[in-house]
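For reference, the structure discussed in these notes is given below.
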DNA sequence: ATTTTTTTTAC
DNA sequence: TAAAAAAAA
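In the working numbering, the protein residues as written are 1 to 478.
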């Protein structure tokens, strides 16, 4: 009897290194499905929705070249997947495993399929190593990154990536939603223009980005990643978020760069740093799994009694890039325009919101969730709790970034600030980190009127720092 | 994955 | 006296 397989795509919108796909392609007929889930997973923010729409289009186009197409359905996956499996007469349903609260849905799907006599076949592919593979001396995954990273390294390289199937089964005609009806992309104000220029969602875009990075910025990654004025980041985060490239593919590509001739070879320190960043992604997924409410609850409950400021004006100024601290503002405007900012500036802007404005980290996390194209249910809350100090493994409460010092280090010539805060672009570089220090004459020559064309700092750094240290110290009870 | 203050060291 | 290192937050 001819077999039919259902392949359920989720956060793995790729054909390469896709174990579930490889296995499903062994059937006689194949149907590929994506479900816009309305239950059991965190609803996507605006920027991520834009990315998803483009990634789904890219995946559908790639599948059509193979005689397939991507079937779209929306609703509760626990009902949709078994129903579709029934509809097409599938004997097996394939997917790559995901981790965290979404596992509950997958369990429901598995049980519903079993009742119908259909087998769920699941595979690894979302992380470098599956959560259960990394264990500390207690048998649980280490809750601190350093030992986690040590264990992950000790586990060795993840298995080599596998290729997309070379032979494809036939497909079946199945009704699909129309992507346009999902309204994932902006219409009235089309705010995605800068995103279209900055990104190429989809597996091809991911592959090109990976190669560009491995052949380019990786060589100086350890230093360049700290610089806002250089393209030192890999910019792979949204591709990884939607699984257009697997962390395994990225890991092996970075390691492979060490085999290049000496002249083109990246420094081992840079490769190591980059691999550690990849490991942070695994670490965050472990954290999400251990703390399903990581986006809503402090991991350290002493933060439950911290008197966060409910004030709105400062928060709004932060979201709009109007704090009066040029590097903070540049980064927040960059985020709004391209749906992304480099890691160092995420730390700086998050620190500013939490420590300088005393805003609850959850407000900031939600803003990033809505505006980042790479908004990830594990990474985003993990990193916000890290900056807040409320995470199990996190920065100590007294770690407060100085926005001026950071500006001097990350953007010494002011190129990044000039790009995103053009109203002060004519100021000499020395004042682009702190325009309030320029004399009235220098401000006038640059066409800057503080408080009019560009804000005065909404808080004084020294005062804000002392205020935060006092409040945080009081919270700890010491 | 820091900043600021204090202390030490090196001219 | 200034830079570097250490300590404290």
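Glycine included, each C-beta is placed from N, C-alpha and C at the ideal position. This structure is a prediction, so every number in the text was calculated from the model and none was measured.
### Query
What are the complete beta strand (DSSP E) segments, minimum 3 residues, inside the region 29–72?
29–37
### Message
Please give me, in chain order, every unbroken run of the alpha helix (DSSP H) with length at least 4 that falls completely inside the region 107–172.
### Response
145–154
### Task
Confirm, please, whether the CB-CB distance from residue 333 to residue 420 is below 7 Å.
Reading the first chain from its first residue, position 420 is the one you call residue 420. Reading the first chain from its first residue, position 333 is the one you call residue 333. Going by C-beta atoms, residue 420 is nearer than 7 Å to residue 333.
### Query
Contact check, residue 302 vs residue 476 under 8 Å by CB: the rounded distance?
Residue 302 sits at position 302 when you count from the first residue of the first chain. Residue 476 sits at position 476 when you count from the first residue of the first chain. Rounded to whole angstroms, the Cβ separation of residue 302 and residue 476 is 7 Å, and the two are in contact under 8 Å.
### Task
Can you check DSSP and say which residues form a bridge with residue 7?
For the purposes of this step, residue 7 is taken as the residue at position 7 of the first chain. The partner list for residue 7 (beta bridge, DSSP) reads 32, 94.
### Task
Give the range of the alpha helix (DSSP H) segment to which residue 404 is assigned.
Against the first chain, residue 404 aligns to sequence position 404. Taken as a continuous stretch (DSSP letters only), the alpha helix (DSSP H) holding residue 404 covers 403–410.
### Task
Indicate, with yes or no, if the ligand NAP has a heavy atom lying under 6 Å from the CB of residue 61.
In the structure shown, the ligand NAP is absent, as is every other ligand, since no ligand is present at all.
### residue 379 versus residue 217 - alpha carbon distance
In the first chain, the residue the question calls residue 379 occupies position 379. In the first chain, the residue the question calls residue 217 occupies position 217. If you take the alpha carbons of residue 379 and residue 217, they lie about 23 Å apart.
### Message
So, with DSSP's three-state summary, where would you put residue 454?
### Response
The sequence position of residue 454 within the first chain is 454, counting from 1. Residue state, collapsed to three classes: strand.
#### Entry: Host alpha helix (DSSP H) of residue 88 (start-end)
In the first chain, counting from the first residue as 1, residue 88 sits at position 88. That run of the alpha helix (DSSP H) goes 77–88.
### Query
Which partner residues does residue 359 have in the DSSP bridge list?
Taking the first residue of the first chain as position 1, residue 359 is located at position 359. 309.
### Message
From the DSSP secondary-structure annotation, give me the bridge partner or partners of residue 74.
### Response
Looking up residue 74 in the first chain gives position 74. DSSP lists 36 as partners of residue 74.
### Query
Would DSSP call residue 193 helix, strand or coil?
Position 193 of the first chain, counting from 1, holds the residue named residue 193. Note: residue 193 maps to helix in three-state DSSP.
### Message
For residue 282, which residues in the same chain have their Cβ closer than 6 Å to its Cβ, ignoring the five residues on either side in sequence?
### Response
Within the first chain, the letter at position 282 stands for residue 282. 127, 128, listed in sequence order.
### Query
What residue from 396, 3, 15 has the CA that sits closest to residue 244's CA?
As a working mapping, residue 244 is identified with position 244 in the first chain. Here the closest residue by C-alpha is 15.
#### Entry: Inter-stretch contact at 8 Å, needing at least 3 Cβ pairs: the region 440–448 / the region 341–355
no
### Terminal residues of the alpha helix (DSSP H) in which residue 260 lies
Here the question's residue 260 lines up with position 260 in the first chain. Counting along the chain, residue 260 falls outside any alpha helix (DSSP H), and DSSP gives it neither H nor E.
### Query
Alpha carbon to alpha carbon, what distance is there between residue 447 and residue 203?
What you label residue 203 is simply residue 203 of the first chain in a count that begins at 1. What you label residue 447 is simply residue 447 of the first chain in a count that begins at 1. Straight-line Cα distance between these residues: approximately 45 Å.
### Task
Grab me the residues of residue 270's own chain with a C-beta within less than 7 Å of its C-beta, minus the 5 sequence neighbours each way, in chain order.
Start at 1 with the first residue of the first chain, and residue 270 comes out as number 270. Around residue 270: 218, 219, 220, 221, 222.
### Query
residue 252: which of 159, 238, 63 sits nearest, CA to CA?
Counting from one through the first chain, the residue named residue 252 turns up at place 252. For residue 252, the nearest C-alpha among the options comes from 159.
### Query
So, is residue 183 buried or exposed, given that buried needs 16 or more other C-beta atoms within 10 angstroms?
On the first chain, residue 183 is found 183 positions in, with the first residue counted as 1. With fewer than 16 Cβ atoms within 10 Å of its Cβ, residue 183 is classed as exposed.
#### Entry: Enclosing alpha helix (DSSP H) for residue 474 [first to last residue]
Here residue 474 corresponds to residue number 474 of the first chain, with the count starting at 1. That run of the alpha helix (DSSP H) goes 461–476.
### Task
Report the rounded CA-to-CA distance for residue 197 versus residue 372, giving the unit in angstroms.
Within the first chain, numbered from 1, the residue matching residue 197 stands at position 197. Within the first chain, numbered from 1, the residue matching residue 372 stands at position 372. Rounded to the nearest angstrom, the two C-alpha atoms are 15 Å apart.
### Task
Pick out whichever of 292, 322, 278 has its Cα sitting closest to the Cα of residue 422.
The residue you call residue 422 lines up with position 422 of the first chain. Comparing Cα positions, the closest option is 322.
### Message
Please state whether the Cβ-Cβ distance between residue 432 and residue 414 is less than 7 Å.
### Response
Translated into the one-based positions of the first chain, residue 432 becomes position 432. Translated into the one-based positions of the first chain, residue 414 becomes position 414. Their beta carbons are under 7 Å apart, which means residue 432 touches residue 414 by this criterion.
### Per-residue DSSP class, three states only, for residue 379
Taking the first residue of the first chain as position 1, residue 379 is located at position 379. Note: residue 379 maps to helix in three-state DSSP.
#### Entry: Neighbourhood of residue 9 by C-beta distance below 6 Å, restricted to the same chain and skipping five residues each side
Mapped onto the first chain, residue 9 falls at position 9. 34, listed in sequence order.
### Task
Can you have a look at residue 211 and say buried or exposed, based on whether 16 or more other CB atoms are within 10 angstroms of its CB?
In the first chain, the residue the question calls residue 211 occupies position 211. With fewer than 16 neighbouring CB atoms inside 10 Å of its own CB, residue 211 falls in the exposed class.
### Task
Would you grab the beta carbon distance between residue 348 and residue 406 for me? Rounded to a whole angstrom, and I think it's under 8 Å.
As a first step, residue 348 must be located in the first chain, where it is residue number 348. As a first step, residue 406 must be located in the first chain, where it is residue number 406. Confirmed, about 5 Å.
### Message
Rounded to the nearest angstrom, what separates residue 361 and residue 233 at their Cα positions?
### Response
In the first chain, the residue the question calls residue 361 occupies position 361. In the first chain, the residue the question calls residue 233 occupies position 233. Their backbone Cα atoms lie some 24 Å apart in a straight line.
### Message
Tell me the rounded alpha-carbon separation between residue 239 and residue 327.
### Response
Here the question's residue 239 lines up with position 239 in the first chain. Here the question's residue 327 lines up with position 327 in the first chain. Between residue 239 and residue 327, the C-alpha separation is close to 26 Å.
### Task
Enumerate in chain order the residues of its own chain whose CB-to-CB distance from residue 426 is below 8 Å, with the five nearest sequence positions on each side excluded.
Taking the first residue of the first chain as position 1, residue 426 is located at position 426. Closer than 8 Å at Cβ, skipping near neighbours: 445, 446, 447, 448.
### Message
With a threshold of 7 Å on Cβ separation, who are the neighbours of residue 329 within its own chain once the five nearest residues in sequence on each side are excluded?
### Response
Mapped onto the first chain, residue 329 falls at position 329. Excluding positions up to five away in sequence, the list reads 321, 322, 323, 421.
### Query
Taking DSSP as the reference, what is the three-state secondary structure of residue 299?
The residue given as residue 299 occupies position 299 in the first chain. Three-state DSSP puts residue 299 in coil, outside helix and strand.
### Query
Quick one: is residue 249 buried, meaning 16 or more other Cβ sit within 10 Å of its Cβ, or exposed?
In the first chain, the residue the question calls residue 249 occupies position 249. Counting Cβ neighbours within 10 Å, residue 249 comes out buried, since at least 16 surround it.
### Task
Tell me, to the nearest whole angstrom, how far the beta carbon of residue 325 is from that of residue 412; I am working on the premise that it is less than 8 Å.
Residue mapping note: residue 325 aligns to position 325 of the first chain, counting from 1. Residue mapping note: residue 412 aligns to position 412 of the first chain, counting from 1. In this structure residue 325 does not touch residue 412 by the C-beta definition: roughly 16 Å separates them, more than the 8 Å allowed.
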